[in-house]
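One structure is given below, encoded as structure tokens.
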Amino acid sequence: MDRALFRELYAAHAKPIFAFLLARTNDRELAADLLQDVFLKTWNRIEAVAAVPADERLYWLFAVASNRLKDQYRRSANRKRAEERLEAGPGAAPGAAPGDLSGVLAGRERMRELEAQIGRLPEELRGLLLMKVLGGLSSVQIGAAMGLPAGTVRYKISQARKLLADGLRLIETAPAGAGREVNEHA
0 MDRALFRELY
10 AAHAKPIFAF
20 LLARTNDREL
30 AADLLQDVFL
40 KTWNRIEAVA
50 AVPADERLYW
60 LFAVASNRLK
70 DQYRRSANRK
80 RAEERLEAGP
90 GAAPGAAPGD
100 LSGVLAGRER
110 MRELEAQIGR
120 LPEELRGLLL
130 MKVLGGLSSV
140 QIGAAMGLPA
150 GTVRYKISQA
160 RKLLADGLRL
170 IETAPAGAGR
180 EVNEHA
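Going by numbering that gives the first Met the number 0, the residue at position 103 of the sequence shown is 102; the numbering climbs one at a time, nothing skipped.
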């Protein structure tokens with residue numbers, strides 16, 4: 000029973016918990032370490048978790064993850080470690096020929112820029128966006144975990160996406176005054 004419950008919890012909730020931790024730490028390795036700690040505590044308290052209603056277990060895990068973050072910040076003499084940029088992952092430019100080093104480098108550069116822009120988002124917006132994208136949670140689930148109405152979560156995720164697009168210069172902005180009609184007779 001214990002092993003089956005633990006496997007079920009990990010399979011169902013590891014991604015959203017990792018996304019939450021990554022959003023808060025902005026460090027993949029630290030987030031992975033904290034995720035391991037969360038599930039170690041879960042294993043050690045599996046009887047207590049079994050007593051939690053199934054639809055509330057994700058939120059129990061979020062509480063454990065939040066406490067692990069607080070512990071990490073307290074122990075860390077240098078909080079900047081939690082603010083380091085995401086490690087650039089391997090990437091390739093779309094349409095690049097296999098073995099084309101310039102395409103790989105361009106892909107890595109785009110990945111670094113994306114990660115940097117995500118890191119520049121306000122913590123709350125970054126957290127909600129990563130919980131949605133990496134964690135695969137719905138706005139209702141995120142809202143329940145964070146104590147926000149689902150509509151507010153959707154709005155804030157929209158804000159995060161717009162800020163990200165603006166930062167990556169994916170949205171063209173009209174020059175000042177463009178599209179305004181001037182009434183010279185007024």
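Even for Gly, the Cβ is constructed at its ideal location relative to N, Cα and C.
Lys155 burial status per 10 Å Cβ neighbour count (16 or more: buried): On the sequence shown, residue 155 is found 156 positions in, with the first residue counted as 1. Answer is buried; the Cβ neighbour count reaches 16.
What does a CB cutoff of less than 6 Å around Phe61 pick up in its chain, not counting 5 residues either side in sequence? For this step, residue 61 is matched to residue 62 along the sequence shown. Cβ within range, chain order: Ala144.
Identify the continuous alpha helix (DSSP H) that holds Leu147 and give its terminal residues. Working through the sequence shown from its first residue, we reach residue 147 at position 148. Leu147 -> no alpha helix (DSSP H), and no H or E assigned at all.
Express the C-alpha separation of Lys14 and Gly135 in angstroms, rounding to a whole number. As a working note, residue 135 is residue 136 in the sequence shown. As a working note, residue 14 is residue 15 in the sequence shown. Cα-Cα distance, rounded: 7 Å.
Could you spell out the range, first to last residue, of the alpha helix (DSSP H) harbouring Val132? Translated into positions along the sequence shown, residue 132 becomes position 133. Residues Glu122 to Val132.
Flag this pair as touching only if the segment 7-22 and the segment 51-67 have three or more C-beta atom pairs under 8 Å; answer yes or no. yes
Bounding residues of the alpha helix (DSSP H) (the contiguous stretch that carries Pro52): On the sequence shown, residue 52 is found 53 positions in, with the first residue counted as 1. It is not in any alpha helix (DSSP H) - Pro52 carries neither H nor E in the DSSP assignment.
Contact belief for Leu127 with Ile117 at Cβ below 8 Å, rounded distance in angstroms: Locating residue 127 in the sequence shown gives position 128, where the first residue counts as 1. Locating residue 117 in the sequence shown gives position 118, where the first residue counts as 1. About 12 Å separates the two Cβ atoms, so there is no contact after all.
Using a threshold of 8 Å, state whether the C-beta atoms of Tyr72 and Phe38 are closer than that. In the sequence shown, the residue the question calls residue 72 occupies position 73. In the sequence shown, the residue the question calls residue 38 occupies position 39. Contact: no.
Same chain, Cβ closer than 8 Å to Arg125, five either side skipped, listed in chain order: For this step, residue 125 is matched to residue 126 along the sequence shown. Cβ neighbours of Arg125 beyond the five flanking positions: Ala22, Asn25, Ile117, Gly118 and Ala159.
Between the Cα of Leu29 and the Cα atoms of Pro52, Arg168 and Leu68, which residue gives the shortest distance? Position 30 of the sequence shown, counted from the first residue, corresponds to residue 29. Ranking the options by Cα distance to Leu29, first place goes to Leu68.
The alpha helix (DSSP H) spanning Asp32 covers which residue range? Stepping through the sequence shown from its first residue, residue 32 is reached at position 33. From DSSP, the alpha helix (DSSP H) with Asp32 extends over Arg27 to Asn43.
Same chain only: Cβ atoms within 8 Å of Leu4, ignoring 5 sequence neighbours per side: Position 5 of the sequence shown holds residue 4. Excluding residues within five positions, the ones whose Cβ falls inside 8 Å are Ile45, Val48 and Ala49.
Run the CB neighbour count on Ser138, radius 10 Å, all protein chains shown included, and call it buried at 16 or more, exposed below. By 1-based counting over the sequence shown, the position of residue 138 is 139. With 16 or more Cβ atoms within 10 Å of its Cβ, Ser138 is classed as buried.
Just to confirm the assignment, what range does the alpha helix (DSSP H) spanning Leu8 have? Residue mapping note: residue 8 aligns to position 9 of the sequence shown, counting from 1. Run containing Leu8: Asp1 to Thr24, per the alpha helix (DSSP H) assignment.
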